[in-house]
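**Student:** The structure is given below, and queries will be raised subsequently.
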């Protein structure tokens, strides 16, 4: 796979695009980004993404949708550096945490991101602030309580290397930050400290630097 | 993993439980079944399944939720017979079809199964027949149109061996059958013929034989 031919389709602020971008860079594969927005998909988008979701990875005649499928594919074609643990039970736990991140964590951070940032700041529409408030107060905290019990006191999930599940867990919470939400280090001390360690990983820092410039154009 | 100690938690009529049951038997691992119903989960179920979903695989101190995570785990610990293709692009396509099955296909067959079978036959409640009708008429056909373009003219998805995606695709359509829906061999000839081949696989036939006795007690 030549670095210059890989295209990552999807706006860099998507938690799923950010996950794949991080896996690509961590495995030494650079990418061009086509920042397609989920709210205005190009006509015929289902031809490259049958579920009409971002991201899609395009590499020559390979067209691959679904962030988890893409990350498993990257692990298959470029096993080093590994982003899944080698022990089968650990691998299963990593995949389960990725699933929790991609479902419950995304579902309960999305209202904060969409109402307070996408609607209020980007689209300059009337936001449904009650919807964001409900997520922040009622539905997100139980997910964070669960994660507080799952993350390590030191290092990343499975030691000192970056796992797909690490970026999957951080990614939706970066979206919540666009809506002014931070994981409280008083209420969830272990999780907050862990997320800081993931965010400080040099590859994650590089992905976030690329994203920042794009986000500023959106909020202009 | 000793056969006698593995417990598959979840009612056998769940499309996700059926998927895991098939993978277990296909890999030569027998299981006890604990037929927990999604509508009446035991108290504290989130301790073994944080997303409160079935199935859960229990093997000694290993407690593993999520059907896709379980099937990947089984592939990791018992690679033969393989239920994922070896080519990375094929593996990615298999995982994507499994994702389509587990999301769009389940979502659009569930109303048919739940209203016409669970509500009408099992619980003897007033079913919302309009909801089932809408799925059958409007939302399920586009998914079947897509699958008609994806399945092979002969054999199973990746040749003559059973892949996790094969059973994932059949499984929700078996649920729709409880609600009286059959994939029309006139409208979707390639898909209908393919599904018959998956259903005729001896391991699938064994899983369905076990399920039948349980289903009859439900409908009594």
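Chains as they are written, first to last, in the working numbering: chain A, 1257 to 1476; chain B, 1257 to 1476.
Where is the CB? At the ideal position from N, CA and C, for every residue including glycine.
Indicate whether residue 1295(A) and residue 1287(A) have their beta-carbon atoms separated by less than 7 Å.
**Tutor:** No; because the gap between Cβ atoms is not below 7 Å, this pair is not in contact.
**Student:** Is residue 1411(B) a contact residue of the ligand SAH, with contact defined as CB to any heavy atom under 6 Å?
**Tutor:** As presented, the structure is devoid of all ligands, the ligand SAH included, so that no description of it is given.
**Student:** Any chance the segment 1343–1359 of chain A sits against the segment 1319–1334 of chain B, with 3 or more Cβ pairs inside 8 Å?
**Tutor:** Enough Cβ pairs lie closer than 8 Å, so yes.
**Student:** Give me the chain B residues within the contact set of residue 1450(A), using Cβ-Cβ distance strictly less than 7 Å, ordered along the chain.
**Tutor:** By Cβ distance, chain B contributes nothing, its closest Cβ being about 17 Å from residue 1450(A), past 7 Å.
**Student:** Answer with yes or no whether the minimum CB distance from residue 1414(B) to chain A is below 7 Å.
**Tutor:** Not an interface residue.
**Student:** Can you have a look at residue 1274(B) and say buried or exposed, based on whether 16 or more other CB atoms are within 10 angstroms of its CB?
**Tutor:** Looking at its Cβ environment, which holds 16 or more other Cβ atoms inside 10 Å, residue 1274(B) is buried.
**Student:** Quick one: what's residue 1262(A) bridged to in DSSP?
**Tutor:** According to DSSP, residue 1262(A) bridges with 1315(A).
**Student:** To the nearest angstrom, how far is it from the Cα of residue 1371(B) to the Cα of residue 1344(B)?
**Tutor:** Distance between the alpha carbons of residue 1371(B) and residue 1344(B) is about 40 Å.
**Student:** Going straight from the alpha carbon of residue 1376(A) to that of residue 1305(A), what length do you get?
**Tutor:** For residue 1376(A) and residue 1305(A), the distance between alpha carbons rounds to 29 Å.
**Student:** Identify the residues that DSSP records as bridge partners of residue 1246(B): which are they?
**Tutor:** Residue 1246(B) is absent from the model: chain B starts at 1257 and stops at 1476.
**Student:** What alpha helix (DSSP H) runs, 4 residues minimum, are completely inside the segment 1342–1415 of chain A?
**Tutor:** Entirely contained in the segment 1342–1415 of chain A, the alpha helix (DSSP H) runs reaching 4 residues are, in chain order, 1344–1356, 1362–1369, 1385–1390, 1396–1404.
**Student:** Taking 7 Å as the CB-CB cut-off, is residue 1341(A) touching chain B?
**Tutor:** Not an interface residue.
**Student:** Cβ closer than 7 Å: which chain B residues qualify as neighbours of residue 1482(A)?
**Tutor:** Outside the modelled stretch of chain A, which goes from 1257 to 1476, sits residue 1482(A), for which no answer is possible.
**Student:** Within 10 angstroms of the Cβ of residue 1470(B), are there 16 or more other Cβ atoms? Answer buried if so, exposed if not.
**Tutor:** Exposed is the call here.
**Student:** Taking all protein chains shown into account, decide if residue 1386(B) is buried (16 or more other Cβ within 10 angstroms of its Cβ) or exposed.
**Tutor:** Exposed is the call here.
**Student:** Identify, in the order they occur along the chain, each residue of the same chain with its Cβ nearer than 7 Å to the Cβ of residue 1422(B), setting aside the five sequence neighbours on each side.
**Tutor:** Excluding sequence neighbours, residue 1422(B) sits near 1412, 1413, 1454.
**Student:** Can you pull the chain B neighbours of residue 1360(A), defined as C-beta to C-beta under 8 Å?
**Tutor:** Those within 8 Å of residue 1360(A) in chain B are 1307.
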